[in-house]
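> The structure under discussion is supplied below as structure tokens; questions concerning it will follow.
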Amino acid sequence: MPIRTAHVNELTVLQDIERAAGICFRDIGMPEIADDEPLTLGELGRYQRSGMAWVSVDAADAPVAYLIADRIDGNLHVEQVSVHPDRARRGIGRSLLEHLARLAAREGVPALTLTTFTEVPWNAPYYARCGFRLLDDGGLTPGLREIRARESEHGLDRWPRVCMQRDA
Numbered sequence: 040m041p042i043r044t045a046h047v048n049e050l051t052v053l054q055d056i057e058r059a060a061g062i063c064f065r066d067i068g069m070p071e072i073a074d075d076e077p078l079t080l081g082e083l084g085r086y087q088r089s090g091m092a093w094v095s096v097d098a099a100d101a102p103v104a105y106l107i108a109d110r111i112d113g114n115l116h117v118e119q120v121s122v123h124p125d126r127a128r129r130g131i132g133r134s135l136l137e138h139l140a141r142l143a144a145r146e147g148v149p150a151l152t153l154t155t156f157t158e159v160p161w162n163a164p165y166y167a168r169c170g171f172r173l174l175d176d177g178g179l180t181p182g183l184r185e186i187r188a189r190e191s192e193h194g195l196d197r198w199p200r201v202c203m204q205r206d207a
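Each residue of the sequence shown is one higher than the one before, starting from 40 at the first, in my numbering.
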């Protein structure tokens, strides 16, 4: 599926994709994650305006998945990647990650980073299959430590979480 930058008029669609993708967390005993609201339109708009929001689109050019990223400590940090469940298990999420990796390579960015749940099959185990490796505490940059602190404040540490990194 083609990947392009997200348009400002698609931000509500990104929220809808996130809500739909989150529902599967209910099935594994994480209803709080399923019920967590996606980023606000203002937050998504910041990613879109900075050119750090991409969508995978169907034949009608409608988004079915998205990835947003930040620049953290010299790396590209995957803030969110979500695929609508109707399009899951087709390599779309991996394609978005590869798109970001190609951007990183073009820009001379050394790595991609992310934070994720360790015990959710479509989180840490999936990212490991995509080439990410676990970072121990000694490998965390100041920016990753800050992200983890915010996640903890948001209650995400109720379930085991880790930072992961992949060379670009």
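In this text, a Cβ means the ideal position worked out from N, Cα and C, and glycines have one as well.
Note that the structure is a prediction, hence the values are computed from the model and not measured.
Output the boundary residues of the beta strand (DSSP E) element that contains V120.
N114 to V122
> Just to confirm before moving on: does the CB-CB distance between M203 and I131 stay below 8 Å?
no
> Compare the beta carbon distance of R141 and V94 with 8 Å and say whether it is the shorter of the two.
no
> Roughly how far, in whole angstroms, is the beta-carbon of V201 from the beta-carbon of A163, given that I think they are within contact range, below 8 Å?
Your pair V201 and A163 checks out as a contact, with CB atoms roughly 6 Å apart and the cut at 8 Å.
> Return the CA-CA distance between D175 and R184, expressed in angstroms with no decimal places.
About 11 Å.
> With distance defined between alpha-carbon atoms, name the residue in L53, I62, A207 and N48 nearest to E22.
This structure cannot settle anything about residue 22, because the visible part of the chain is limited to 40 through 207.
> Would you call the region 77 to 97 and the region 45 to 54 in contact, with 3 or more CB pairs under 8 Å?
yes
> How long is the line joining the alpha carbons of A73 and I186, rounded to whole angstroms?
20 Å
> Rounded C-beta distance between R205 and F171? I'm assuming under 8 Å.
4 Å
> Starting from the C-beta of R65, find all residues in its chain whose C-beta is less than 7 Å away, skip the five residues before and the five after it, and write them out in chain order.
A73
> May I ask you to check if the CB of W161 is nearer than 7 Å to at least one heavy atom of the ligand NAP?
For the ligand NAP, the structure offers nothing, since it holds no ligand at all.
> Could you check how far apart the C-beta atoms of T154 and E190 are, in whole angstroms? I think they sit under 8 Å.
About 6 Å; that satisfies the 8 Å criterion.
> Assign C63 to one of three DSSP states: helix, strand, or coil.
helix
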